[in-house]
Amino acid sequence: MAMQQAINDSLIADLVMGCQRGETAAVERLYDLYADRLFRYLLVRVGDRDTAADLTTELFLRVLQHIGSFKLNRERPAATVSAWLYRIAANLAAEHHRSQWRRPWISLENLGLRPIQEPGPDSLAERHEELGQLADAMSALSEEQRLVVIAKFVEAMSNSEIAIWMGKTEGAIKSLQHRALRTLARTLRSQTQQPRQTWLSYARK
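1088 is the number that this note's numbering gives the last residue of the sequence shown; the numbers go up by one with no jumps.
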């Protein structure tokens, strides 16, 4: 299923206006619609479930603080709100890394992706090396490229859904995805002498 719950312009516009009026039900509904998506995004960025959960809570506290002054685009309410929420999430992740002075750890499990074959006991060391390579490769992407990869391969969103969410054309999304996959493939190839079949080779099929 491409999206967990239906998100449409009419619903989001009503919820934002309800939040701005201080309606508890609207706040709870907005949280229900976006919390899981934002948690998974933050989990990929920070690599720790507890930290991602704390940052998700902090994110919605910031939303409550600033929703009153939020300017809703009446033509594309859902895309406007999604972009705003993920911008807050990106800022929180950046603040976290500045405070920790360490790079994020990203695993295949965090991304919701698996190797084509599950590793046996003899391949654990090889898989650990692969995870480190993937973390380096993801770090080489731009913020927009990371968002597209997460939306496509974690959220299983279509290009049209990603385009609406990010406020871009489908052509721009395809271009971002293509550049992201090329960068990931190039980085992973440069890190190993022996090409391996990873989630990336599966995702590109």
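Quick reminder that beta carbons are idealized off the backbone N, C-alpha and C, glycines included. Note that the coordinates shown come from a computational prediction; the quantities given were computed from them, not determined experimentally.
Is residue i helix, strand or coil when you go by DSSP?
i: N1042; result: helix
i: E958; result: coil
i: F953; result: coil
i: L1024; result: coil
i: G995; result: Residue placement at G995 is poorly supported in this model, since its pLDDT is 46, which falls under 50; the coordinates still yield a value, given next. The answer is coil: DSSP assigns G995 none of H, G, I, E or B.
i: G901; result: helix
i: I1056; result: helix
i: L1071; result: helix
i: D892; result: helix
i: K1051; result: coil
i: E906; result: coil
i: D931; result: coil
i: F1036; result: helix
Are the CB atoms of residue j and residue i within a distance shorter than 8 Å?
i: V1032; j: L955; result: no
i: L942; j: L894; result: no
i: G901; j: A966; result: no
i: H979; j: L938; result: yes
i: T1066; j: A1039; result: no
i: I1056; j: A961; result: no
i: Y914; j: A972; result: no
i: V910; j: L944; result: no
i: I890; j: L916; result: yes
i: L926; j: A935; result: yes
i: D897; j: R959; result: no
Given a threshold of 16 other Cβ atoms within 10 Å of its Cβ, counted over all protein chains shown, does residue i qualify as buried or as exposed?
i: L968; result: buried
i: E1044; result: buried
i: A908; result: exposed
i: T963; result: buried
i: R957; result: exposed
i: R970; result: exposed
i: D933; result: exposed
i: A1034; result: buried
i: A1020; result: buried
i: A977; result: exposed
i: R928; result: buried
So, under 8 Å CB-CB, residue i and residue j are touching, yes? Tell me the CB distance rounded to an integer number of Å.
i: L1059; j: Q1028; result: 6 Å
i: N1042; j: E1053; result: 5 Å
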